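K.L.:
So the sequence shown is numbered by the numbering used here: it starts at 74 and just counts up by one. Glycine residues also receive a C-beta, built at the ideal position from the N, C-alpha and C atoms. What you are looking at is a predicted structure, and each value in this text was computed from that prediction instead of being measured.
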Amino acid sequence: MTALYDRSLETAGADALRALQWDRFTRLTRAAVPANRFLTRIWTAAGVRDPGDLWTWADFSRLPFTRKADLAADQAEHAPFGTNLTYPIDRYVRVHQTSGTSGAPLRWLDTQESWAWWARCWGFVLRGAGLGPGDRVFFPFSFGLFVGFWAGFEGARALGALAIPGGGQDSAQRLAAIETLGATAVCCTPSYALHLAEVARTRGLDLAKLGVRTLVHAGEPGAGIPAVRARIEEAWGARAFDHAGMTEIGAYGYECAAQAGLHVNESEFIAEVIDPVTGAPATDGELVLTNLGRVGSPLVRYRTGDRVRVAEAPCRCGRTFLRLDGGILGRVDDMLIVRGVNVFPSAIEGIVRRFPAVDEFAIEVYRRSEMDEVRLLVEVPGDAGAVTVRSVEEAVRVDLGIRVDARSVAPGSLPRFELKARRLRRVDA
Ligand SMILES: [Zn+2]
Numbered sequence: 074m075t076a077l078y079d080r081s082l083e084t085a086g087a088d089a090l091r092a093l094q095w096d097r098f099t100r101l102t103r104a105a106v107p108a109n110r111f112l113t114r115i116w117t118a119a120g121v122r123d124p125g126d127l128w129t130w131a132d133f134s135r136l137p138f139t140r141k142a143d144l145a146a147d148q149a150e151h152a153p154f155g156t157n158l159t160y161p162i163d164r165y166v167r168v169h170q171t172s173g174t175s176g177a178p179l180r181w182l183d184t185q186e187s188w189a190w191w192a193r194c195w196g197f198v199l200r201g202a203g204l205g206p207g208d209r210v211f212f213p214f215s216f217g218l219f220v221g222f223w224a225g226f227e228g229a230r231a232l233g234a235l236a237i238p239g240g241g242q243d244s245a246q247r248l249a250a251i252e253t254l255g256a257t258a259v260c261c262t263p264s265y266a267l268h269l270a271e272v273a274r275t276r277g278l279d280l281a282k283l284g285v286r287t288l289v290h291a292g293e294p295g296a297g298i299p300a301v302r303a304r305i306e307e308a309w310g311a312r313a314f315d316h317a318g319m320t321e322i323g324a325y326g327y328e329c330a331a332q333a334g335l336h337v338n339e340s341e342f343i344a345e346v347i348d349p350v351t352g353a354p355a356t357d358g359e360l361v362l363t364n365l366g367r368v369g370s371p372l373v374r375y376r377t378g379d380r381v382r383v384a385e386a387p388c389r390c391g392r393t394f395l396r397l398d399g400g401i402l403g404r405v406d407d408m409l410i411v412r413g414v415n416v417f418p419s420a421i422e423g424i425v426r427r428f429p430a431v432d433e434f435a436i437e438v439y440r441r442s443e444m445d446e447v448r449l450l451v452e453v454p455g456d457a458g459a460v461t462v463r464s465v466e467e468a469v470r471v472d473l474g475i476r477v478d479a480r481s482v483a484p485g486s487l488p489r490f491e492l493k494a495r496r497l498r499r500v501d502a
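1. If you measure from each CB to the nearest heavy atom of ligand 1 and keep those under 7 Å, what residues do you get, in chain order?
2. Tell me which same chain residues have a C-beta within less than 7 Å of the C-beta of Arg476, skipping the five on either side of it?
3. How about Leu473 and Val416: are their beta carbons less than 9 Å apart?
4. Kindly identify the DSSP beta-bridge partner or partners of Phe212.
5. According to DSSP, is Val453 helix, strand or coil?
6. Which residue's Cα is closest to the Cα of Val346: Arg396, Gln148, Tyr160, Val447?
7. Who pairs with Ile343 in a beta bridge, going by DSSP?
8. Closest to Asp432 by C-alpha separation, out of Ala457, Gly239, Ile251, Arg448, would be which residue?
9. DSSP three-state label for Arg200, please.
10. Which value, in whole angstroms, describes the spacing of the CA atoms of Asp406 and Gly378?
11. Figure out for me which residue from Ala258, Thr275, Arg392, Glu307 has the closest Cα to the Cα of Gly284.
12. By the 10 Å Cβ neighbour count, where 16 or more other Cβ atoms means buried, how is Asp163 classified, buried or exposed?
13. Buried or exposed for Arg499, going by 16 or more other Cβ atoms inside 10 Å?
14. Counting along the chain, where does the beta strand (DSSP E) carrying Ser481 start and finish?
15. With 16 as the cutoff for other CB atoms within 10 Å, does Arg200 come out buried or exposed?
16. Could you check which residue in Gly196, Ala324, Thr184 has the C-alpha nearest to that of Arg80?
17. Report yes if the C-beta distance between Ser172 and Pro178 is below 9 Å; otherwise report no.
18. CB-CB under 7 Å to Leu402, same chain, minus the five flanking residues each way: which ones, in chain order?
19. Which residues does DSSP list as the beta-bridge partners of Gly326?
20. Use the C-beta contact count for Trp309: other C-beta atoms within 10 angstroms, 16 or more gives buried, fewer gives exposed.
21. For Trp181, report the span of its beta strand (DSSP E) as first-last.
22. In terms of residue numbering, what span does the beta strand (DSSP E) encompassing Gln170 cover?
23. Which whole-angstrom value describes the C-beta separation of His169 and Leu218, a residue pair presumed to lie in contact below a C-beta threshold of 8 Å?
24. At a Cβ threshold of 9 Å, is Gly455 touching chain D?
25. Grouping DSSP H, G and I as helix and E and B as strand, with all else coil, what is Ala430?
26. Tell me which same chain residues have a C-beta within less than 8 Å of the C-beta of Val414, skipping the five on either side of it?
27. In whole angstroms, give me the CA-to-CA distance for Ala324 and Asp478.
28. Roughly how many angstroms separate the alpha carbons of Thr129 and Phe226, rounded to a whole number?
Structure (structure tokens):
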């Protein structure tokens with residue numbers, strides 16, 4: 074069995090883990106209430122006056138949920154950082170923001186302690202992918218306001234690996250840096266890994282001959298989609314690992330060598346899965362997280378909007394942390410209803426990516442007779458376009474039970490993404 078990041082935590086029994094979570098949650102709430110105005114306000118409104126009133130997990134499960142919209146409203150009202158701050162503003166040393174793919178970006182501040190916590194959380198992620206001292210980890214990332222790979226970079230350093238920044242470079246320069254500096258691992262979005270593969274191909278460079286043996290993906294669920302993973306792994310001659318995190322909550326999910334879905338880091342997060350409509354506990358539903366190490370800007374019972382399914386069987390790797398079967402299945406609010414069939418865009422991606430001829434694709438959703446209809450735009454270089462689109466339509470019909478209209482579009486005409494691919498767009502019919 075490969076080395077774990079923290080064996081005693083990652084293999085702890087359920088009771089020990091719950092006790093550890095409760096201890097850390099208690100310390101968090103004593104620091105944050107009443108100093109943190111955001112948390113204090115929502116708890117007071119829910120009838121919780123003093124953290125000392127919380128005694129049991131049943132008390133915990135009666136605490137109010139926080140939604141992204143609550144954070145956005147707070148930041149709009151108290152610009153620029155909102156009121157979810159436990160300490161005076163001069164205690165904070167990092168600021169980042171969400172990508173803004175759904176509405177105005179959220180800004181998030183970290184203290185020295187919580188920034189070190191981010192690095193620790195990424196240590197679990199990178200170790201899960203088998204990385205450690207001696208690895209050279211390349212980050213083809215712009216190092217702007219988006220937090221994800223900043224924290225990954227810190228995590229690589231904290232783990233003792235060589236962290237290589239790939240900002241301020243185009244894709245060709247990044248490929249050259251990977252080769253020259255002898256990178257053994259690359260951290261990027263799944264979309265960008267595929268884009269780099271495309272650039273390498275046009276330049277006659279065989280990625281599989283580079284020394285990269287591991288890819289760690291974040292920012293999108295793609296690496297958890299088998300067809301996407303297979304395509305990345307084939308192009309790079311490397312193993313691709315999935316990871317999940319959010320600017321506002323932290324780096325919470327990672328894969329192990331068994332690659333059997335995502336483990337949730339339960340030493341740093343309390344995880345719940347709920348029915349998104351009723352809020353009742355569920356095994357297939359929305360992931361709700363509480364982070365335990367970001368005392369300066371904590372989130373308690375945060376509704377991530379991510380749709381997940383709990384795996385029942387223990388993982389072969391020996392970790393006892395919760396495992397999410399198939400990783401993040403999609404966004405709760407991304408679900409399309411096509412002629413009465415519930416469809417996640419990730420399910421469509423999983424089918425399209427099975428066709429090696431397809432370089433890039435987009436999903437257009439439009440309304441006809443008050444119903445969602447799906448049109449797929451696919452880029453197929455060469456002259457296999459017509460045959461491929463018919464095959465994609467047929468595969469979607471067989472696998473998902475819906476009819477879609479697939480069309481071939483000119484190679485290079487669809488957008489490529491470094492971060493947060495947006496392949497779904499709503500259009501007029
Ligand atoms: Zn595992």
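P.N.:
Well, looking at it:
1. In chain order, the hits are Cys329, Ala331, Ala333, His336, Cys388, Arg389, Cys390, Arg392, Arg396.
2. Here the set comprises Arg470.
3. In contact: Leu473 and Val416 (Cβ atoms closer than 9 Å).
4. Under DSSP, Phe212 shares a beta bridge with Pro238.
5. Val453: coil per DSSP, three-state reduction.
6. Looking at the Cα atoms, Arg396 is the closest of the given residues.
7. Looking at the DSSP output, Ile343 sits in a beta bridge with Thr363.
8. If we check each option's Cα against that of Asp432, Ala457 comes out closest.
9. Three-state DSSP puts Arg200 in a helix.
10. Near 7 Å, if we compare the C-alpha coordinates of Gly378 and Asp406.
11. Among Ala258, Thr275, Arg392, Glu307, the Cα nearest to that of Gly284 belongs to Ala258.
12. Counting every other CB atom within 10 Å of its CB across the protein chains shown gives Asp163 a total below 16, marking it as exposed.
13. By the 10 Å Cβ count, Arg499 comes out exposed.
14. Annotation: the continuous beta strand (DSSP E) that includes Ser481 extends over 478 to 482.
15. Around the beta carbon of Arg200, 16 or more other beta carbons lie within 10 angstroms, which makes this residue buried.
16. Per the Cα distances, Gly196.
17. Pro178 is positioned such that its CB atom lies closer than 9 Å to that of Ser172.
18. Excluding residues within five positions, the ones whose Cβ falls inside 7 Å are Arg380, Val381, Arg382, Phe417, Ser419.
19. For Gly326, DSSP records a beta bridge to Ala317, Val337.
20. By the neighbour-count criterion, in which a residue is buried when 16 or more other Cβ atoms sit within 10 angstroms of its Cβ, Trp309 is buried.
21. 180 to 184 is the extent of the beta strand (DSSP E) around Trp181.
22. 165 to 170 is the span of the beta strand (DSSP E), which, as asked, contains Gln170.
23. Correct: roughly 6 Å between the Cβ atoms.
24. Reference to chain D is not applicable here, since this structure consists of a single protein chain.
25. Assignment of Ala430 by DSSP, reduced to helix, strand and coil, places it in the coil class.
26. Excluding sequence neighbours, Val414 sits near Leu473, Gly474, Ile475.
27. Ala324 and Asp478: Cα-Cα distance of roughly 37 Å.
28. Between Thr129 and Phe226, the C-alpha separation is close to 37 Å.
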